[in-house]
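Residue numbers (the working numbering), protein chains in the order written: chain V, 4 to 151; chain F, 125 to 459; chain U, 1333 to 1598; chain D, 94 to 372.
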Amino acid sequence: MTEFEPKIIAFVCNWCTYAGADLTGTSRIKYAQNVKIVRFPCTGRIDFMLLLKSFGEGADGIIVSGCHPNDCHYTSGNFHARRRWIMFRGLLDMLGIDVRRIQYSWVSAAEGAKWADIVNSTVNTIRELGPYTEYEKVAGYLEKEAKQ
Amino acid sequence: MQTENYLIRKPSLEKLFNNLIGSGKTIFAPKAKGKLALFDNVKAYGEITEDYIVTANSAKSVVFPRTEKLFSYHKSKEKTEITDAANSSFPEVILWGTRPCDAAAFIPLTDTFNGDYKDIIFNSRREKVLLLSFSCNKSDDYCFCTSVNSGPGNTSGSDVLFTKLPGGDYLAEVMTPKGQLLVRESIDLFEPKPEEDKDRNLAVVANRFNQKEIQAKLQNLFENPVWDDKSRACLGCGSCAYVCPVCSCFDIQDEAHGNKGTHLRCWDSCGFGLFTLHTSGHNPRETQSARWRQRILHKFLYIPNKSKIAGCVGCGRCSRSCPADINILETLTSL
Amino acid sequence: MNELIKKAVALLESDSVQVIIGYAEGTGTRTRAIFITRTADCENLIFDSRCVQNLAVYLTKSEIKKLGKPAIVAPIPVLRSILQLAVENQITENDLVVLGITPQSELVDFESFAAIEAFLSTHQIVIEEKYQETIREIKAMPVTERFAYWVKELEPCFKCYACRAACPLCYCTRCTVDNNQPQWISVASHPLGNLEWHIMRAMHLAGRCTDCEACYNACPMSIPIHLLTKNMLQDVTENFGTYGPSLDKLNTLSSFKPDDKESFIR
Amino acid sequence: MSNQNIYIPYLMRIEKITLEAPGVKTFRLKFENEQDAGTFSFRAGQFGEYSIMGVGESTFCIASSPTRKGYIECTFRQAGKVTSALALAEEGDIVGFRGPYGNTFPMDEWKGKNLLFIAGGIALPPMRCVIWNALDTRENFKDITIVYGAKSVDDLVYKDELMEWRSRPDVKLVTTVDPGGETLDWKGEIGFVPSVLEKTAPSAENTIAIVCGPPIMIKFTFPVLEKLGFTEENIFTTLENRMKCGFGKCGRCNVGEVYVCKDGPVFSYAQLKLLPAEY
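1) Taking just the CA atoms, how far does T300 (chain D) sit from K204 (chain D)?
2) Check for me: the alpha helix (DSSP H) holding H83 (chain V) runs from which residue to which?
3) Taking only beta-carbon atoms, is W18 (chain V) less than 7 Å away from chain U?
4) Note down the Cα distance separating G292 (chain F) from D243 (chain F), rounded to an integer number of angstroms.
5) Identify each residue in the stretch 126 to 158 of chain D for which the Cβ-Cβ distance to at least one residue of chain F is less than 7 Å, and report them in chain order.
6) Using a beta-carbon distance cut-off of less than 8 Å, what residues from the stretch 188 to 205 of chain F approach chain U?
7) So who's on the other strand from W109 (chain V), going by DSSP bridges?
8) Give me the Cβ distance between P232 (chain F) and G440 (chain F), rounded to the nearest whole Å; I'm assuming they're in contact under 8 Å.
9) What do you get for P1409 (chain U), buried or exposed, if any count of 16 or more other CB atoms within 10 angstroms of its CB means buried?
10) Identify the continuous beta strand (DSSP E) that holds C16 (chain V) and give its terminal residues.
11) Which parts of the stretch 98 to 157 of chain D are runs of the beta strand (DSSP E), unbroken and 3 residues or longer, counting only runs that do not cross its ends?
12) Does the separation of the CB atoms of S393 (chain F) and A365 (chain F) fall below 7 Å?
13) Could you tell me which residues DSSP pairs with W391 (chain F) in its beta bridges?
14) Does the count of Cβ pairs from the stretch 318 to 335 of chain F and the stretch 143 to 150 of chain F closer than 8 Å reach three?
15) Could you check how far apart the C-beta atoms of R1382 (chain U) and T1363 (chain U) are, in whole angstroms? I think they sit under 8 Å.
16) Could you tell me which residues DSSP pairs with L256 (chain F) in its beta bridges?
17) Under the criterion of a Cβ to heavy atom distance below 6 Å, does I311 (chain D) qualify as lining the ligand COA?
18) Determine the burial state of C16 (chain V): buried for a count of at least 16 other Cβ atoms within 10 Å of its Cβ, exposed for fewer.
19) Which residues mark the beginning and the end of the beta strand (DSSP E) in which I40 (chain V) is found?
20) By alpha-carbon positions, which one of D:M336, D:P287, D:N327, D:S158 ends up nearest to F313 (chain D)?
21) DSSP on M94 (chain D), reduced to helix/strand/coil?
22) So, is the C-beta of T1542 (chain U) closer than 7 Å to a C-beta in chain F?
23) Using a Cβ-Cβ distance cut-off of 7 Å, determine whether L55 (chain V) contacts chain F.
24) How many whole angstroms separate the CB atoms of P215 (chain F) and K252 (chain F), which I take to be in contact at a CB cut-off of 8 Å?
25) Scan the stretch 261 to 314 of chain D and note each continuous alpha helix (DSSP H) run of 4 residues or more that stays entirely inside, going in chain order.
26) Rounded to a whole number of angstroms, what is the C-alpha to C-alpha distance between N1376 (chain U) and A1340 (chain U)?
27) According to the Cβ coordinates, are A180 (chain F) and V437 (chain F) closer than 7 Å?
28) Between the Cα of I218 (chain F) and those of F:V328, F:S257, F:D352, spot the shortest distance and give me the residue it belongs to.
29) Start and end of the beta strand (DSSP E) containing E184 (chain D)?
30) Grouping DSSP H, G and I as helix and E and B as strand, with all else coil, what is G64 (chain V)?
31) By DSSP, does A168 (chain F) sit in helix, in strand, or in coil?
32) Go ahead and label T176 (chain D) buried or exposed: buried means 16 or more other beta carbons lie within 10 angstroms of its beta carbon, across all protein chains shown.
33) Count the CB pairs spanning the stretch 19 to 28 of chain V and the stretch 103 to 113 of chain V that are closer than 8 Å, and state whether there are at least three.
34) Taking a contact to mean a Cβ-Cβ separation below 7 Å, would you say L207 (chain D) touches K252 (chain D) in this structure?
35) Closer than 8 Å by beta-carbon distance: list the chain D residues that pair up with L359 (chain F), in chain order.
36) Run through the DSSP bridge pairs and tell me what F190 (chain D) is partnered with.
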């Protein structure tokens, strides 16, 4: 059996984390390759539905990352996002969607090393948790029906 | 076919259930959920509730699931392959505990799916459903089956109709060859027909209106204040249509995952504003009252005019489930 | 409720309002919303503990707006919704007359939305102990069990959207689920579609829900979706202080504090 | 047909894409399966469900004439989810097609009569099928007049074919654009279809009028036709209600006792008058 390779999707803001991830690369820091990055103007734009859709399409883990508080390019996008994450996380927890599978972080444009660390540790966490089969079962309902 | 009547004793009924489960059949029966009873997949006789007038959901989903695959596809640059859902093997389902109104609803449903174009997916499912109905021994203010050519002991649509007799045993009326087959397979459980009169053991459902009169009145009632009046509290949800055992309007939707996907049929309701909305923004039924009128006219004028059958079985589910207490019987009797 | 009837008659007679939105006897022991435009019909107005439908939902419906300026019979849950609608600029003081009803079933006049807020400050939203207990029990389940619990609870949902239709705060003319470009949420009611719909519904009510339970009362399948919003109310209180609609505060998710606390962002 | 799944579409390859007007495209579709091409037939006025797998289906009439065999054409404006996806399709791509559905224009009954086509905007495609059908069997009909209007010169569809019709001696073509929609070199009429029709229509004597356009145009065109002496029985139109299934099951296009998909989409004005105004 081949070892489980977590599929991880990262939603990051353009100004801080994306630049930070760039720096990770230009600094030649090696880190796990399991992550697919989607760039957004701001964490304030990262709708919770995007996270749900990621699980629905087969992601095992998700990273959401943006500018540190007070560093938002648009002044307050990340503050709004933080409130939304607090609420969303509470709701997911209530529903039994494993909140350990979503890593939120602040990574600035200067924190290339932190980005590598976030990705590596998230990959490790997800590797331990294993594939998100519970959600896959729910999302794959129609395909299961087909075999009936 | 000639109806066959038997007596089946209370303990034998449970044995019949166990025989069916034992032979690998899927059984849907009323299960208690809070104050409601819902048709649900049951595995053990003890899960079934007897304490219900009708279930909150109708039994139509066994032949017309709320989400159903019509076909699936697989796309590649060179070609597109389609897998026909009609080729799947549909499950044999026994509906246990349907009421006469539930069973009667299969008649207009089957009619809709077979008019002009035959829907073979529906028909394949329908063929595999066995209806073991139970006569009603109680009713409530919402029931009006007797006004739409049915009744608490009506046999149409059922394969077997059980009527509870004093003492807890049941009269079994076997209506169809399918029902006959079921009886033959467990013949030792059935005894010669009892003397007891069936009608005395049925609930009383008062006759509330004359269907023919309603039909005649509706012919000239398209513009009438009654539609506004009776629909004013309508919230525009779809619960009336979704609990209705006859309503069969649907939506067709595609769901894709990468280069694969499915083409689905999903329930829809004429009560939704989006139902008739054109992409241009034009909506032929702009107001909620026009939508309420459509629901009534479709059931009590259009279907009876076209197919000579009732488009409503009088189960009263729509009124019971309406969050705004809009009562269909009230609308009909106020015309 | 003679006083209520008298008041309603007076309002219609003086043409201060054109319609009274209130409660009347319904089928059997049920009550229902009634829309009275003639004084003679005012005698049908009732109020008692059976009157639980949240009438505030009608304030934003175009079919009801057409009838003219309304007076609305408003027990506590309706008052909360009215205030929240005011916070969200969906109604103004000139749009309606509020016939407030106290928990002791007394009629109370409100001169302004501010007066409603003052009154409600003495009637804070409290999550009943039985619900707190249920929420605790659910949260105590192992995560996969909890997920299975909800998938099963949401299974009977056939997406009739009665929860949305009955909610006074779901007043959008076109809901996210009704949009198909992009199609965020499947039209179909299957496990994923149902889960996503209920998450979205709850999230869109986060920090807005006033705990009237209209969604649960409307659900023909009795799905305990109000547990989701109740849990969120608790979360709002826990994270951002006491909660209740307030005229001079923005909604929880439309506002922030630079020092909002959390424990999960690295 | 009885034991086939009626929801399964034919697979069609897009042979040619023509840009007709801003946002309006015509697809020429060929059957992927040769056998289907041989057995498929339709008549003027019928429609189909065109689909992009994974996105959905959309309803348009068949815009090509049944006299032109081996392919079908459809013309659509990019407006909603499915038409937006169709607009992105390229020549050589596969789309789905279910049909033909619905009734047809009674062209056999029109033999020996004059035909007057009146169309507005994107409603010329359903007419085009009938027009070509009539032109390909020209000997069956007397005078053929086409009155076609659009918002602006740019919005007129089938520009090449309009030129062809204009140059034919056996067709009288009147084109018009809404006031303000004209260009400097516009030689046609300026004004809304109903008023232009009033000025340019042929005699109602032995003439069938076929009208298709947006609801507002239809509303104002019928009275003009009646004024010109057309009887209700000699005015035809094709309705476009929202549809999903196309064969009278999904309930969406139900107007009174008819289903537009199965009992229509072609109705005479006389028939239309008997229906409630829910279209």
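Note that the Cβ used here is the ideal one computed from N, Cα and C, for glycine as well.
Remember, it's a predicted structure, so these values are computed and weren't measured experimentally.
To lay it out plainly:
1) 11 Å
2) 80 to 98
3) no
4) 41 Å
5) M146, G147, V148, G149, E150
6) R190, T191
7) V:G69
8) Their Cβ separation, rounded to whole angstroms, is 16 Å, which puts P232 (chain F) and G440 (chain F) out of contact at 8 Å.
9) buried
10) 11 to 16
11) 103 to 114, 117 to 124, 140 to 145, 149 to 154
12) yes
13) F:F374
14) no
15) 5 Å
16) F:W220, F:V284
17) Ligands in the displayed structure: none, and consequently the ligand COA is not present.
18) buried
19) 38 to 43
20) D:P287
21) Low per-residue confidence applies at M94 (chain D): pLDDT is 45, beneath 50, and the placement is therefore not dependable, though the value from the model is reported in the following sentence. Of the three classes helix, strand and coil, the one that applies to M94 (chain D) here is coil, per DSSP.
22) no
23) no
24) 7 Å
25) 286 to 293
26) 11 Å
27) no
28) F:S257
29) Unbroken run through E184 (chain D): none, as it is neither H nor E.
30) strand
31) coil
32) buried
33) yes
34) First, the amino acid is wrong: residue 207 (chain D) is Asn here, not Leu. No.
35) Near L359 (chain F) there are no residues of chain D at all, since even the closest Cβ is about 21 Å away, more than 8 Å.
36) D:Y103, D:Y143
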